[in-house]
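In the numbering used here, the protein residues as written are 54 to 379.
Below is the structure:
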């Protein structure tokens, strides 16, 4: 034959090429190598937290490597405003409750923006806040709440009937999110969280304060608490809710002024937290940072501490500085 002396070189099978490519994949590297790469990227000045979150989405191995970094600090909720789709808040709750194995590396949890869980019309809390304002404003606001608000809501439904389904859907997801919030003390599993940060805006409702503080009961290793409040905060009720926490070693209180009017009108009753200090005998660090020039009465704050079991404070800070709204 004409080509009998030429050897026939068969083409490399597709399976062989795929197998060779698979062996060269970065996912085949040992876990120790992945951890070394992670440590180097953490030191690199050009890498950001957004990059770390993006790495998790590459594959399961990358998710296992970068989850301890991304989930070391968890925030509920990072949103500044109520999202258009209330399902987002409910989805965050479900992710937190149904996936406890994901949060074994979490050390810090921040609870903020829970006002998005309030119902659309909270008459009792609105009247309480109106009563704290000036006399004329308080009377006018209370009358508006009692007389005008229900008809206005009805008129809005009649004038904008197409908005009714969206409002009903939002109310439904709000209800579902509120139900999840009530389950946190029983369902939340964050075994390694040591630091909790609570952010309460001005005019926070009792429902939000109660549910946010009760979530701390699900943190067995909690030793640090940072509380950020406004000048008109309901500090007696906050203190009442926090008395169930008895394992604190570090307590930080930040009191900020929402506006110039708030600065001149209100002052947070910091002494209300005397019961919290008395219930934590192992407290060693106490920090009070306030935007108000009025000095706190430290003797009144420590009044309920038993005389035979005084606090062994190693660090005490009383600082007056300009604090921005968190």
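Glycine included, every Cβ here is placed at the ideal spot set by N, Cα and C.
Computed from a predicted structure; not experimentally measured.
Less than 8 Å separating the beta-carbons of residue i and residue j?
i, j, result
"residue 125", "residue 91", "no"
"residue 250", "residue 279", "yes"
"residue 170", "residue 231", "yes"
"residue 238", "residue 271", "yes"
"residue 355", "residue 326", "no"
"residue 343", "residue 322", "no"
"residue 164", "residue 304", "no"
"residue 130", "residue 142", "yes"
Can you find the residues in the same chain that come closer than 6 Å, C-beta to C-beta, to residue i, ignoring five residues on each side of it along the sequence?
i, result
"residue 119", "105, 108, 109"
"residue 353", "324"
"residue 371", "341"
"residue 122", "105"
Straight-line CA distance for residue i to residue j?
i, j, result
"residue 154", "residue 127", "14 Å"
"residue 309", "residue 328", "22 Å"
"residue 256", "residue 101", "35 Å"
"residue 149", "residue 361", "42 Å"
"residue 273", "residue 98", "35 Å"
"residue 269", "residue 78", "43 Å"
"residue 114", "residue 158", "16 Å"
"residue 19", "residue 340", "In the structure as shown, the chain starts at 54 and stops at 379, and residue 19 therefore has no counterpart that could be examined."
"residue 260", "residue 94", "43 Å"
"residue 86", "residue 299", "42 Å"
"residue 331", "residue 235", "27 Å"
"residue 246", "residue 88", "23 Å"
"residue 335", "residue 162", "21 Å"
"residue 276", "residue 145", "25 Å"
"residue 136", "residue 351", "Caution applies to residue 136, whose pLDDT of 47 falls short of 50 and renders its modelled position unreliable; the model cannot decide the point."
"residue 83", "residue 117", "13 Å"
"residue 243", "residue 333", "21 Å"
"residue 14", "residue 151", "Residue 14 cannot be examined here, being either before or after the span of the chain that is shown, 54 to 379."
"residue 225", "residue 219", "10 Å"
"residue 229", "residue 369", "42 Å"
"residue 248", "residue 221", "37 Å"
"residue 267", "residue 337", "23 Å"
"residue 223", "residue 281", "28 Å"
"residue 147", "residue 345", "39 Å"
"residue 227", "residue 96", "41 Å"
Which whole-angstrom value is the C-beta distance of residue i and residue j, which I expect to be below 8 Å?
i, j, result
"residue 265", "residue 167", "6 Å"
"residue 283", "residue 254", "7 Å"
"residue 364", "residue 373", "Actually they are not in contact, since the Cβ atoms of residue 364 and residue 373 sit about 22 Å apart, beyond 8 Å."
Quick one: residues in its chain with C-beta nearer than 7 Å to the C-beta of residue i, no 5 flanking neighbours on either side, listed in chain order?
i, result
"residue 80", "112, 114"
"residue 263", "294"
"residue 240", "150"
"residue 297", "270"
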